[in-house]
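Take a look at the structure below.
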Amino acid sequence: MLDRSLTEQITDLEKGEYSSAELTAAYLAKIEASKSLNIYISIAEDAIAQAEDADHRRVAGESLPLLGIPIAHKDIFCQQGTRTSAGSRMLDNFISPYDATVVEKLNAAGVVNLGKTNMDEFAMGSSNENSYYGAVKNPWDPTRVPGGSSGGSAAAVAAQLCSAATGTDTGGSIRQPAALCGVTGIKPTYGRISRWGMIAYASSLDQAGPIARTAEDCALLLTYMAGHDAKDSTSSTEPVRAYCSELSKPLTGIKVGICQEHLQDLAPAMHAVQEQVVKELQTQGAVIRDISLPTSAMAIPAYYIIAPAECSANLSRYDGVRYGYRCSDPEDLDDLYRRSRSESFGAEVKSRIMVGTFALSAGYYDAYYRKAQQIRRLIKNDFTNAFEEVDVILGPTTPGSAFNIGEKSDDPVAMYMQDIYTISTNLAGVPAISVPAGFIDGMPVGMQFTGNYFSEARLLNLAHQYQQATDWHLRLPGVET
3 MLDRSLTEQI
13 TDLEKGEYSS
23 AELTAAYLAK
33 IEASKSLNIY
43 ISIAEDAIAQ
53 AEDADHRRVA
63 GESLPLLGIP
73 IAHKDIFCQQ
83 GTRTSAGSRM
93 LDNFISPYDA
103 TVVEKLNAAG
113 VVNLGKTNMD
123 EFAMGSSNEN
133 SYYGAVKNPW
143 DPTRVPGGSS
153 GGSAAAVAAQ
163 LCSAATGTDT
173 GGSIRQPAAL
183 CGVTGIKPTY
193 GRISRWGMIA
203 YASSLDQAGP
213 IARTAEDCAL
223 LLTYMAGHDA
233 KDSTSSTEPV
243 RAYCSELSKP
253 LTGIKVGICQ
263 EHLQDLAPAM
273 HAVQEQVVKE
283 LQTQGAVIRD
293 ISLPTSAMAI
303 PAYYIIAPAE
313 CSANLSRYDG
323 VRYGYRCSDP
333 EDLDDLYRRS
343 RSESFGAEVK
353 SRIMVGTFAL
363 SAGYYDAYYR
373 KAQQIRRLIK
383 NDFTNAFEEV
393 DVILGPTTPG
403 SAFNIGEKSD
413 DPVAMYMQDI
423 YTISTNLAGV
433 PAISVPAGFI
443 DGMPVGMQFT
453 GNYFSEARLL
463 NLAHQYQQAT
473 DWHLRLPGVE
483 T
């Protein structure tokens with residue numbers, strides 16, 4: 003039952019092939035057996051009780067779209083009565099008094115909450131090595147990273163430790179780990195999913211999204227995660243599409259753009275994977291066109307000014323006074339602030355706070371932060387111009403397959419470059435999905451489809467049709483590739 007997709011599990015539960023309690027127990031047993039991967043930060047003690055309640059509700063005739071489906075939440079979503087740590091010592095003792103909107107919506111759809119997945123601290127990282135709880139290991143090869151910051155969520159789906167998982171994406175943090183773990187993940191348009199109750203890293207970039215085995219699963223989850231939320235001022239009022247009903251549309255005539263800038267330094271093995279994807283799309287009737295995103299090379303430097311600047315402001319609330327970690331025996335208020343923050347934040351978080359504070363400081367604001375925002379507008383304009391010519395943009399999700407744990411820890415620039423193909427979409431706010439597209443040296447890699455604002459239905463349709471013709475998304479760790 004664990005090798006079934008979320009959509010298939012729903013059908014099985016409806017037919018009575020097995021119960022939610024049996025499915026949940028099987029996941030919990032496998033989670034226990036897979037502790038060495040360090041995927042979960044915490045396990046829900048009432049998971050079986052939740053599943054039994056779902057079974058009783060089903061017998062009573064209650065019909066909910068995700069009734070009894072066991073999922074995991076990235077430990078950045080507040081969940082009432084549950085520790086929500088954001089992968090940080092700062093929040094190791096924080097028990098949320100409320101549910102994030104995403105959690106609330108999925109609960110209303112009937113899910114069973116298995117637990118909270120490991121992540122880079124405050125979502126700052128590309129490898130899931132920056133967690134207070136230790137690095138997550140890639141289920142395909144435990145010596146390698148799963149990607150970050152939603153590495154725990156992607157690894158949990160790949161290792162069959164949940165039916166699906168939530169993630170967040172600030173610069174590629176859903177798509178990059180999805181690619182490196184061989185699963186599917188979508189970052190919707192900024193504002194498509196409420197950020198209320200999602201612990202903030204960079205508020206103008208953060209966006210929640212689902213990670214699952216297939217595009218069909220992601221379409222179903224997105225349907226019940228998306229929508230306007232009055233509690234989030236950045237939440238869009240754009241109506242939610244019936245994503246699942248549009249999956250079967252043929253690709254005939256759809257215009258797919260290939261960004262020429264992405265090809266300049268692309269590794270030959272990744273280029274070969276992309277070419278195979280292009281051939282398959284052409285077989286299905288897609289029209290391939292070359293396009294240009296001329297300012298894409300500026301995305302990394304712009305992002306690493308804007309995101310740290312916003313993190314500097316957002317993380318100022320963690321002062322050791324109201325909640326979270328507090329140092330012992332402070333001498334005075336200044337000592338309380340200094341030691342509480344220095345003892346509880348990890349090195350990467352401290353680095354980004356310092357960079358962001360510098361960029362916002364008097365005398366440097368115009369030279370750094372304002373200039374980065376101007377570049378951001380140029381990047382947005384690039385996408386606007388490109389989507390006048392094509393419907394979707396195809397490109398690599400990552401520069402290659404998963405690297406070894408510790409390989410890039412001492413080289414921040416090399417680590418930051420892992421997001422070179424994903425960051426632009428966050429700066430522009432457009433949606434993008436990563437799908438499994440092949441293997442390099444026995445490790446999965448993904449390809450990314452990027453669309454215009456609120457074109458999630460088209461992206462999911464394209465990804466689904468690609469997956470109907472390929473089997474990369476069906477491959478599982480431990481099975482010969």
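Under the working numbering, the residues of the sequence shown are numbered 3 to 483, in order. No residue lacks a Cβ here, since even glycine has one placed at the ideal position from N, Cα and C.
Check                                                                                                                                            : Outcome
I need the boundaries of the beta strand (DSSP E) containing Asp115, first residue and last residue.                                             : The displayed chain sequence assigns Asn, not Asp, to residue 115. First-last of the beta strand (DSSP E) with Asn115: 114–119.
Within a Cβ cutoff of 6 Å, which residues of the same chain sit near Ile377, ignoring the five residues on either side of it in sequence?        : Met300, Ala304
Can you tell me whether Glu482 is buried or exposed? The criterion is at least 16 other CB atoms within 10 Å of its CB, across all chains shown. : Residue placement at Glu482 cannot be trusted, given a pLDDT of 42 that sits under 50; what the coordinates show is reported in the next sentence. Under this definition Glu482 is an exposed residue.
Any heavy atom of the ligand ATP within a distance shorter than 6 Å of the CB on Glu16?                                                          : Because no ligand of any kind appears in the structure shown, any question about the ligand ATP cannot be addressed here.
Quick check on Tyr42: does DSSP put it in helix, strand or coil?                                                                                 : strand
Work out the CA separation of Thr170 and Gln81 for me, nearest whole Å.                                                                          : 15 Å
Could you give the DSSP three-state label for Gln209: helix, strand or coil?                                                                     : strand
Just verifying my parser: in three-state terms, what is the DSSP assignment at Asp337?                                                           : helix
Can you tell which of Pro190, Asp267, Asn130 has the C-alpha that lies nearest to the C-alpha of Arg243?                                         : Pro190
Within 10 angstroms of its Cβ, does Asn463 collect 16 or more other Cβ (buried), or is it exposed?                                               : buried
Since Leu396 sits in a beta bridge, which residues does DSSP pair it with?                                                                       : Ile260, Phe451
Please confirm whether Phe451 and Val394 have their CB atoms less than 7 Å apart.                                                                : yes
According to DSSP, is Thr170 part of a helix, a strand, or is it coil?                                                                           : strand
Is Pro270 buried or exposed, if buried means 16 or more other CB atoms sit within 10 Å of its CB?                                                : exposed
Hey, quick one: how far does the alpha helix (DSSP H) through Lys410 stretch, first residue to last?                                             : Counting along the chain, Lys410 falls outside any alpha helix (DSSP H), and DSSP gives it neither H nor E.
What residue ranges within the segment 23–67 form continuous alpha helix (DSSP H) runs of no fewer than 4 residues, ordered along the chain?     : 49–61
Asp219 and Ser7: beta carbons closer than 7 Å?                                                                                                   : yes
Is the beta carbon of Tyr245 less than 7 Å from the beta carbon of Ala459?                                                                       : yes
Tell me where the alpha helix (DSSP H) around Arg460 begins and ends.                                                                            : 458–471
Determine, using beta carbons only, whether Leu461 and Ile435 come nearer to each other than 7 Å.                                                : yes
Using the Cβ count rule (16 or more neighbours within 10 Å means buried), how would you classify Met272?                                         : buried
I'd like the list of long-range same chain contacts for Lys32, defined as Cβ closer than 7 Å, with 5 residues on each side in sequence excluded. : Leu4, Gln162, Leu163
What three-state label does DSSP hand Asp292 in the structure shown?                                                                             : strand
Hey, out of Glu390, Arg354, Leu283, whose CA is closest to Asn316's CA?                                                                          : Arg354
At what residues does the beta strand (DSSP E) containing Gly440 begin and finish?                                                               : 434–442
Does the distance from the CB of Ala440 to the CB of Val432 come in under 7 Å?                                                                   : The amino acid occupying residue 440 in the given sequence is Gly; Ala does not appear at that position. Not in contact: Gly440 and Val432 (Cβ atoms no closer than 7 Å).
Give the C-beta separation of Ile293 and Val280 to the nearest angstrom, bearing in mind that I take them to be a contact with Cβ-Cβ under 8 Å.  : That belief does not hold up - the Cβ atoms of Ile293 and Val280 are roughly 13 Å apart, past 8 Å.
Alpha helix (DSSP H) containing Pro303: first to last residue?                                                                                   : 301–316
Rounded to whole angstroms, what is the Cα-Cα separation between Tyr468 and Glu282?                                                              : 7 Å
Measure the beta-carbon distance from Val138 to Ile12 and round it to whole angstroms, keeping in mind my assumption that it falls under 8 Å.    : That belief does not hold up - the Cβ atoms of Val138 and Ile12 are roughly 28 Å apart, past 8 Å.
Please look up how many angstroms separate the CB atoms of Ala27 and Val114, rounded, as I've assumed it's under 8 Å.                            : Between Val114 and Ala27 the Cβ distance is about 11 Å, and since that is not below 8 Å, they are no contact.
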